[in-house]
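Visitor: Last residue of the sequence shown: 206 (full-length UniProt numbering), numbering continuous.
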Amino acid sequence: MAFKRSIFASASEDRLENLVLERLKPGADKEKIDARIWDLFGEVWCIMFTDLSGFSRGVEKFGIIHFLQTIHESERVLVPIIEDHDGILLKSEGDSFLVIFRNVGKGLQAAIRMQKELLEYNKDKIPEEKILLCVGLGYGKVLKIGDSDVFGSEVNTASKLGEDTAEAGEILITQTVFDNAQDTGLKFEPIQDVPAGTHGAFRVVY
Numbered sequence: 001m002a003f004k005r006s007i008f009a010s011a012s013e014d015r016l017e018n019l020v021l022e023r024l025k026p027g028a029d030k031e032k033i034d035a036r037i038w039d040l041f042g043e044v045w046c047i048m049f050t051d052l053s054g055f056s057r058g059v060e061k062f063g064i065i066h067f068l069q070t071i072h073e074s075e076r077v078l079v080p081i082i083e084d085h086d087g088i089l090l091k092s093e094g095d096s097f098l099v100i101f102r103n104v105g106k107g108l109q110a111a112i113r114m115q116k117e118l119l120e121y122n123k124d125k126i127p128e129e130k131i132l133l134c135v136g137l138g139y140g141k142v143l144k145i146g147d148s149d150v151f152g153s154e155v156n157t158a159s160k161l162g163e164d165t166a167e168a169g170e171i172l173i174t175q176t177v178f179d180n181a182q183d184t185g186l187k188f189e190p191i192q193d194v195p196a197g198t199h200g201a202f203r204v205v206y
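1) Rounded to the nearest angstrom, how far is the Cβ of F49 from that of L143, given a contact under 8 Å?
2) Tell me whether K32 is buried or exposed, calling it buried when 16 or more other Cβ atoms sit within 10 Å of its Cβ.
3) Confirm the yes/no value for this check: CB of V142, any heavy atom of the ligand GDP, distance under 7 Å.
4) With V150 and W45 assumed to form a contact (beta carbons below 8 Å), what rounded beta-carbon distance in angstroms separates them?
5) Rounding to the nearest angstrom, what Cα-Cα distance links D86 and I171 in this structure?
6) Does the distance from the CB of V177 to the CB of G138 come in under 8 Å?
7) Would you kindly check if the distance between the Cβ of L118 and the Cβ of L186 is under 8 Å?
8) Give every residue of the same chain whose Cβ lies closer than 8 Å to the Cβ of L132, excluding the five residues on either side of it in the sequence, and list them in chain order.
9) Which residues does DSSP list as the beta-bridge partners of F101?
10) To the nearest angstrom, how far is it from the Cα of R64 to the Cα of V20?
11) Classify I145: buried if its beta carbon has 16 or more other beta carbons within 10 angstroms, exposed otherwise.
12) Evaluate N180 with the Cβ neighbour count: other Cβ atoms within 10 Å of its Cβ, from every protein chain shown; 16 or more gives buried, anything less gives exposed.
13) Please classify L186: does DSSP put it in a helix, a strand, or coil?
14) Check E19 in the structure and name its three-state DSSP category.
15) Where does V177 fall in DSSP's three states?
16) Hey, I81 and R113: beta-carbon distance below 8 Å or not?
17) Start and end of the beta strand (DSSP E) containing I145?
18) Leaving out the 5 sequence neighbours to the left and right, which residues in its chain are closer than 8 Å to F62 when beta-carbon positions are compared?
19) To which residues of the same chain is N103 closer than 7 Å at the C-beta, ignoring the five residues directly before and after it?
20) Please report the straight-line C-alpha distance between A2 and Q175, rounded to a whole angstrom.
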């Protein structure tokens, strides 16, 4: 299975690289090439970025074994929730996840379940063993390259919200997620720190 995934990712990456190289040639019809790239790789997804609050400080204070334990526990608790909500974990780098969902509803429900699960997990833990999650969500058309990566404005904004803006326990969303979440029955609060790439940003009330 892993072998098949590597073939598909490689084929997509090779195709994209060839088109980008073609785009760099003098006199290239960039508009036409861009249209081909979007036609090949353009898809609509809900993008989730997660980050662990205070993680770097914890590693510095408690060492690499603490780092490995926290990573292991966060994956053990959170990955089954992602799978239960039909999410695809594209990347796990350090203390961060990049996950995609086919629709906003599943992305939001997964994020809420993840935070609630960690509230229970943290109840009997000493401070340095608590897993404190920050989540950012975006939604829109992206370039999806195999099952290895996604690129686009909403990807960048979700990353900013999840990794830089959100505090422990928060789920922050872009304007596009908000616009597509009005039938979910959830409540949202606008936030002041709106990153580039979105007209507004909101905190999920759960």
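Just so it is clear, CB atoms sit at the ideal spot from N, CA and C, and this is done for glycine as well.
Guide: On the basis of the data shown:
1) Contact doesn't hold; Cβ gap of about 16 Å is too wide.
2) exposed
3) This structure does not include the ligand GDP; it has no bound ligands of any sort.
4) 7 Å
5) 19 Å
6) yes
7) no
8) L52, S53, G54, L118, N122, A168, G169
9) C46
10) Correcting the residue identity first, residue 64 is Ile in this sequence and not Arg. C-alpha separation (whole angstroms): 40 Å.
11) buried
12) buried
13) coil
14) Strictly speaking, residue 19 in this sequence is Leu, with Glu absent from that position. The answer is helix: DSSP assigns L19 an H, G or I state.
15) helix
16) yes
17) 133 to 145
18) E128
19) C46
20) Bear in mind that the predicted position of A2 carries a pLDDT of just 44, short of 50, making it too unreliable to give a figure here.
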